[in-house]
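Numbering (the numbering used here), first residue to last: 129 to 363.
C-beta atoms are modelled at their ideal positions from N, C-alpha and C, and glycine is treated no differently.
Encoded as structure tokens, the structure appears first; notes follow it.
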């Protein structure tokens, strides 16, 4: 083990439960690292083979448990905004592969969110920035030929935002979004119900709420059935 990696921002991490390790990719640096919790515990840099994604930040990454791989979408780098999809395997050789998709893809964007929908074996992409704040929802099916489709979701209020956080709640069959910005920092949580006709609705909560914020992080704790939010900027 070596490291730690160089300081960076707008990177992504995923957790590989089979290998008991965290994989870090990109940001203001374009390298790939692994943090193992097995003996020996520590960081190691992953030497990439073959073609790899161009340097990027503000992208998203999910863990695909069916095929045991990391999937990266979008982001920006070197004056470009991306809408490409890449996969990095957790087994075998460390070779990136660009995923060839069918259907009309989302526009190139950054500072969006992506979650893995375990019920439908799909990646859900929401919001972000592409010369303006977006509120669109896209689904990339992962079985067979990966195919993009836009999800038409009704909402009682504007859902435009970027630099937010999102998790997939399998038990509730919904995506939960918190915070972000539409030019003004946002607070509160909203849920996109995926059962039946997709629909956004605010989540009514009690207790002390976080201040409006963006650029924070969130995870789903499935055992306690809760979302945990940390950090960010509230101006």
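Around the C-beta of residue 154, 16 or more other C-beta atoms lie within 10 Å, and the residue is accordingly described as buried.
By the C-beta density criterion, residue 315 is exposed, having fewer than 16 other C-beta atoms within 10 angstroms. Residue environment for residue 255: buried (at least 16 other C-beta atoms within 10 angstroms of its C-beta). By the neighbour-count criterion, in which 16 or more other beta carbons inside 10 Å mark a residue as buried, residue 347 falls on the exposed side. Burial check for residue 332: the Cβ neighbour count within 10 Å stays below 16, so the residue is exposed.
The DSSP-derived three-state label of residue 313 is strand. Counted as a single uninterrupted DSSP element, the beta strand (DSSP E) harbouring residue 266 occupies residues 261-269. Between the region 335-350 and the region 267-284 there are fewer than three inter-stretch CB-CB distances shorter than 8 Å, so the stretches are not counted as touching. Pairing residue 340 with residue 307 gives a Cβ-Cβ distance under 8 Å. Scanning 221, 189 and 354 for the CA closest to the CA of residue 175 turns up 221. Contact between residue 172 and residue 131 is confirmed by a C-beta separation of about 7 Å, below the 8 Å threshold. Residue pairing of residue 330 in beta bridges, as defined by DSSP: 318. Residue 175 sits in coil when the DSSP states are folded into three classes, being neither helix nor strand. Take residue 150, set aside five residues on each side of it, and the residues of its chain with a beta-carbon closer than 6 Å to its own are 141, 143 and 163, in chain order. Bounds of the beta strand (DSSP E) holding residue 242 are 241-245. Counting along the chain, residue 160 sits inside the beta strand (DSSP E) bounded by residues 160-164. Within a 10 Å sphere around the beta-carbon of residue 245 sit 16 or more other beta-carbons, which makes this residue buried. Listed as beta-bridge partners of residue 233 by DSSP are no residues whatsoever. With a cut-off of 8 Å on Cβ pairs, the region 289-298 is not in contact with the region 228-236, counting fewer than three such pairs. The residue among 265, 252, 188 and 228 with its C-alpha nearest the C-alpha of residue 238 is 188. Per DSSP, residue 186 lies in no beta strand (DSSP E) and is assigned neither H nor E.
Residues of the same chain with a CB within less than 6 Å of the CB of residue 288, apart from the 5 flanking positions on each side, are 261, 263 and 310 in chain order. With a cutoff of 8 Å on beta-carbon distance, residue 268 and residue 326 are scored as not near each other.
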